[in-house]
Amino acid sequence: MGSITADVDHLETDEWKAIISVDTLFQLDTGAAVTIIGENDMPRDVQLQPADRPLKGPGDTKLTCMGKFEATLMYKDSCLRDAIYTFLDNTPTLCSKMCLCEYCTNAQLKLRTVNAVAARINNNCRVRHINHGADLVTCGREDGKYRKPCAYGYCPNCSPRNLANHLQPLMGHQLQVSWLKWESSATIANGKRVTRKMLVRKHGTMTELTAELTFLAAHLFRADWQHSQFELMRKERPFPPKTVGTVLDFAENFTCAYQDEVQAAHWHHEEVTVHPIVTYYACPSCAETTTESLVFISNDRTHDFNAVHSFTPLAIQHLRGRGLPVEAVVQWTDGCPFSDISYGLQDHGCTLERHYFGSRHGKGPSDGESAVVKHSAMVAVRTSRAVITSARDLNNYCIRNQLNKQPLDTDCQHFLRSFFFVDAEDIRRSRNRPVKTLKGTRALHAVRTSKRGVVGAIDGTCVPIPGPSEHRDSYINRKDTPSMQVQVVSNHSLLFLDVLTGWPCSMHNARVFRNSPLKQLLEDRRMPQEYHLIGDSTYPLTPYLLVPFRDDGHLSPVQRRYNARHSSTRVDVERSIGLLKGKFRRLKF
């Protein structure tokens, strides 16, 4: 068998075994001169010989004795010389991971095949995990994250050839290799073409196997960045007013089963749709952010955009019933397709933004809520505390127990949970919009609502300047500092369409507009009737410039709704001005 001598770095003991870590090459788990180590962790110069010594590990683990070798282990002032028996664990490891990222999982499946070939040819060519593969084609990570130039191939020091060089000893392996891959497969069910994800086996050469591993850095960078953007939104204090952030997705259906059931009952287990919408909004009473989970339960088992379109207005109506002025909704979800979210203003009375997580790398709050609900219901059924046979039974159970968390009258509550039952008959699927979904949205981070008929929003702001030598008093603002009036027009993408500077800050916004070339241009060329600029109440009402109704306390519901939409649309120009001033502030300080 041979022998080894090693300095031991670390030693831990328990009742059954001692864990001895020997430098970074391999690890020996010893107990009563017995070691249990993985096949890849064995020293290369040790040839295992079958030995005749059966053993069971903790929990009756089934072990096969592979042989023994003489070892000299030195730890501090102690020295151990003994025959170390080697065993392989034959007990299968049971594991089940759900909702994994398709890209990362396919890459990990390929790496299994790469490492299996490397174990036979050259073990130094192993790629330990997907991050190791991404590290090989980039300059590495900073604070655990990849830099954007490295991830997208802009960095001159990064190259996919680095991965090819690492795997070069394996490229001469011209035999056919096989690997598993998740991909879409089309089948015909009830006369319809149905696409579903299936695990299939692929065959090819090592070059074909490693061809798709170079995209990992960009994918992991995108997933990390999008998750960090969500965390910035969720932890922002105070949360933006009149804005609601949401994380939504369908969960795996809940199966209605029984604790004690008769024969043939399993043929009729009903499945229930669970769709959580986790919302974030500013607490009306303090500066904290309130998290409210809205769990929609339905007997409709078609997970499509029609169901989401039925759940969304109920969620917005519920939040408005709590006194929240919902004017903008920011949705976080996976890369689901859509047609035109600009209809959100018409359908829901608020603007919509749709942000994406990296494929299957997010939606933690939504998945967590569905797990809490389904686990609680399953435990109640298994312990005979509840009988749940339908979607309505599940909804009634959730409302009656501690899962239902409603606000108290005494103090603030920053976590709430509400349940809604939506019957399948209430989900309308005969919507008269024969359009196709937009392609390429998964490559974007966010898609925002456009304002129909609104060309841009106008506003004025004061920018500090050194005091001029002439007419200094006219440049003094209300804060008693010299500044200059800047009139800007921006669109929904926060891009400036027109900028006017030079007027003193003491001038009114309306007067600056009357003397601007923009006003003359609009009057000469006459903007089409269906297009307008919008501005606040300081501007005059014209055929091409819309302003809000003056609130005298007697506005009609239609006028109040118009003012709300006007305000949520005009906020874009305020955001663009804030971004502009923020850049100069960062340069100054």
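For the sequence shown, position 308 matches number 308 in full-length UniProt numbering, and the numbering has no gaps at all.
From the three backbone atoms N, C-alpha and C, an ideal C-beta is built for every residue, glycine too.
Return yes when the C-beta of residue i is under 7 angstroms from any heavy atom of the ligand NAP, and no when it is not.
i    : result
S490 : Here there are no bound small molecules, and the ligand NAP is not part of this structure.
Exposed or buried, residue i, counting other C-beta atoms within 10 Å across all chains shown (16 or more means buried)?
i           : result
Q331        : buried
C286        : exposed
D143        : exposed
Q487        : buried
R570        : buried
L28         : Caution applies to L28, whose pLDDT of 41 falls short of 50 and renders its modelled position unreliable; the value that the coordinates give is listed next. Per the 10 Å Cβ criterion, buried.
F584        : exposed
R565        : buried
G582        : exposed
Y397        : buried
P50         : In this prediction, P50 scores a pLDDT of 45, lower than 50, which makes its location untrustworthy; the coordinate-derived value is nonetheless stated afterwards. That one is exposed.
D52         : Confidence at D52 is low in this model, with a pLDDT of 48, below 50, so the placement of that residue is unreliable and no value is reported for it.
P276        : buried
W267        : exposed
Q226        : buried
L111        : buried
I458        : buried
R575        : exposed
E288        : exposed
H129        : exposed
residue 638 : Because the chain here runs from 1 to 589, residue 638 falls outside it and cannot be looked at.
D572        : buried
Q485        : buried
K104        : According to the sequence as given, residue 104 is Cys; it is not Lys. Looking at its Cβ environment, which holds 16 or more other Cβ atoms inside 10 Å, C104 is buried.
R354        : buried
D409        : exposed
G364        : exposed
S430        : exposed
Tell me, to the nearest whole angstrom, how far the beta carbon of residue i is from that of residue j; I am working on the premise that it is less than 8 angstroms.
i    : j    : result
V272 : N299 : 7 angstroms
V200 : K181 : 6 angstroms
A377 : F254 : 7 angstroms
A134 : L216 : 4 angstroms
Y281 : L324 : 6 angstroms
V381 : V295 : With a Cβ gap of about 18 angstroms, V381 and V295 do not count as contacting.
L546 : L494 : About 20 angstroms; that fails the 8 angstroms criterion.
S185 : M198 : 4 angstroms
E270 : T461 : Contact flag wrong, Cβ pair sits at about 59 angstroms.
S568 : T351 : 6 angstroms
V326 : K242 : 7 angstroms
P468 : T481 : 13 angstroms between Cβ atoms; not a contact.
H303 : F250 : 5 angstroms
Using only alpha-carbon positions, find the residue among the options that is nearest to residue i.
i    : options                : result
V489 : R201, T289, I534       : I534
K148 : H318, V373, F221       : F221
T312 : R392, A386, M171, V422 : V422
T138 : H129, I130, A151       : A151
E530 : R234, E470, Y544       : Y544
D411 : T290, H348, R392       : T290
G368 : R320, W503, S556, L248 : L248
G245 : W225, P160, V512, T333 : T333
H318 : H348, F305, E102       : H348
R120 : L170, Y103, P156       : L170
H471 : V455, S506, H166       : S506
T205 : A218, Q176, A223, D552 : Q176
A424 : I297, V326, S366, E353 : I297
A118 : N162, L167, N106       : L167
H203 : R354, H303, V114, A446 : V114
E252 : H132, N131, C283, H375 : H375
Y154 : R561, A218, P548, F357 : A218
V512 : Y539, P160, F496       : Y539
Tell me, please, which residues DSSP counts as bridged to residue i.
i           : result
residue 657 : Residue 657 cannot be examined here, being either before or after the span of the chain that is shown, 1 to 589.
Y281        : T290
L580        : Beta-bridge pairing links L580 to no other residue.
A446        : H355
F421        : I297
M198        : E183
G460        : Q487
K145        : E142
L521        : L521 is not bridged to any residue.
F230        : F230 pairs with nothing; no bridge assigned.
Q263        : None; Q263 has no bridge partner.
I388        : Per DSSP, none; premise fails for I388.
T255        : E271
Segment contact, 8 angstroms Cβ cut-off, at least three pairs: the region 397 to 404 with the region 417 to 431: yes
At least 3 beta-carbon pairs within less than 8 angstroms: the region 515 to 525 vs the region 473 to 486: No, because fewer than three Cβ pairs between the region 515 to 525 and the region 473 to 486 fall closer than 8 angstroms, the two stretches do not touch.
At least 3 beta-carbon pairs within less than 8 angstroms: the region 255 to 268 vs the region 221 to 232: no
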